[in-house]
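One structure below.
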Amino acid sequence: MSFDRSRSIAGALYEVASSSSTNTELSARADREGMHDMTVMLTRYQSAGRGRLGRAWNAPPGAAVAASVLLRPRLPDGSAPAPDRLGWVPLIAGVSMAAAIRAALPGRSVGFKWPNDVLVEGRKICGILAELLPTGTGVVVGSGFNTRMTAEELPVPTATSLAVEGALVDDALEDAVLAAYLEGLRDRLARYLAAGADAEASGIRAEARGVCLTLGRIVRIELPDGVDLDGTAIDLDDDGRLVVADRDGVRRSVAAGDVTHVR
């Protein structure tokens with residue numbers, strides 16, 4: 007059985023031959039089937055994956071691993087954290103996936119582009135999409151990381167894969183990366199919640215700052231209302247939002263937007 011290490015970390019793991027979208031499928035089943043925290047649904051062929059802003063995400067069968075994780079976060083008193091505290095969830099996922107990819111590609115520069123892309127030497131190897139369940143009873147965090155994809159199969163020149171980066175990709179390596187990601191996601195989220203969903207006190211903010219490749223960069227952000235914001239990304243605020251200083255030094259915290267690193 008594949009993904010044995012990952013299965014030992016997950017609350018439950020469902021591996022399917024194919025899925026239109028593991029996020030959509032897991033979201034539809036989570037409450038109906040009473041699924042627990044850290045339930046994982048994964049596939050090596052996702053036919054209609056979704057990225058941020060409704061973008062399509064596709065990969066040839068067997069070339070990538072798509073995995074969605076159900077999280078039902080609870081504070082020490084058993085209550086659910088306030089919605090604005092959940093802004094850290096995709097960043098925690100990004101930090102965890104970056105660490106997992108870095109372990110598979112030692113010596114490479116790996117980090118995350120705010121809020122949801124993991125990059126190797128500046129090229130995208132993984133995208134992350136966090137979505138609240140329609141009932142508000144949990145969060146589904148989807149990730150798709152390129153594993154066996156060849157250079158010819160890359161969707162854009164700014165993408166990469168474990169194989170393109172020189173890793174010898176087999177079932178065991180895919181399992182090792184996913185297991186490291188799941189373990190990191192579980193442990194970092196637990197640390198964050200134990201601190202009362204305080205990113206500063208838990209050390210999560212410092213860790214995210216350390217691997218966020220957007221900080222210190224000149225950026226252009228297409229905001230949800232269609233307006234572009236140009237400036238320098240200088241920090242992550244208490245809610246995980248990106249703090250951008252414009253040309254006049256005026257600071258603004260951005261909760262959502264399509265970020266371009268200006269070269």
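So that you can map any letter, position 183 of the sequence shown is 189 in the numbering used here, and since no number is skipped, the others follow by simple counting.
Every residue gets a Cβ at the ideal spot worked out from N, C-alpha and C, and that includes glycine.
Rounded to whole angstroms, the Cβ separation of residue 23 and residue 42 is 24 angstroms, and the two are not in contact under 8 angstroms. Considered as a whole, the region 130-180 harbours no complete run of any alpha helix (DSSP H) with no fewer than 4 residues.
Counting every other CB atom within 10 Å of its CB across the protein chains shown gives residue 234 a total below 16, marking it as exposed. A distance below 7 angstroms between beta-carbons, with the five flanking residues on each side excluded, links residue 218 to the following residues of its chain, in chain order: 117, 118, 120 and 242. Beta bridge pairing from DSSP links residue 47 with 20 and 74. Taking all protein chains shown into account, residue 180 has 16 or more neighbouring C-beta atoms within 10 Å of its C-beta and is therefore buried. When the alpha-carbon of residue 146 is set against those of 27, 14, 21 and 10, the nearest one is in 27. In the DSSP assignment, residue 259 falls within the beta strand (DSSP E) that extends over 257-260.
Note that the region 131-143 does not touch the region 204-222; fewer than 3 beta-carbon pairs, one per stretch, sit closer than 8 angstroms. Of the residues 164, 101, 157 and 52, the one whose Cα lies closest to the Cα of residue 212 is 101. In the structure shown, residue 84 falls within a coil segment according to DSSP collapsed to helix, strand and coil. Note that the C-beta distance between residue 170 and residue 110 is not below 8 angstroms. Looking only at 166, 185, 176 and 255, the smallest Cα-Cα distance to residue 130 is reached by 166. The region 220-246 is shown to contain whole beta strand (DSSP E) runs of 3 or more residues at 224-228 and 234-242, in chain order. A straight-line Cα-Cα distance of about 23 angstroms links residue 51 and residue 189. Only residues of its own chain outside the window of five on either side were considered, and among them 221, 241 and 242 have a CB closer than 8 angstroms to the CB of residue 215, listed in chain order. In this structure the region 192-202 touches the region 77-92; the number of beta carbon pairs closer than 8 angstroms is three or more.
Nearest to residue 105 by alpha-carbon distance, out of 230, 208 and 191, is 191. The beta carbon of residue 238 sits closer than 6 angstroms to the beta carbons of 224 and 251 from its chain, once the five residues preceding and following it are set aside; these are given in chain order. The beta carbons of residue 151 and residue 210 sit no closer together than 8 angstroms. Contact annotation, residue 264 with residue 227: C-beta distance approximately 7 angstroms; criterion of less than 8 angstroms satisfied. Selection 266, 207 and 208 evaluated against residue 229 yields 266 as nearest (Cα-Cα).
The residues 46 and 147, in chain order, have a CB closer than 6 angstroms to that of residue 75 in the same chain once the five nearest residues on each side in sequence are set aside. Burial state of residue 269 is exposed, judged by a 10 Å Cβ sphere holding fewer than 16 other Cβ atoms.
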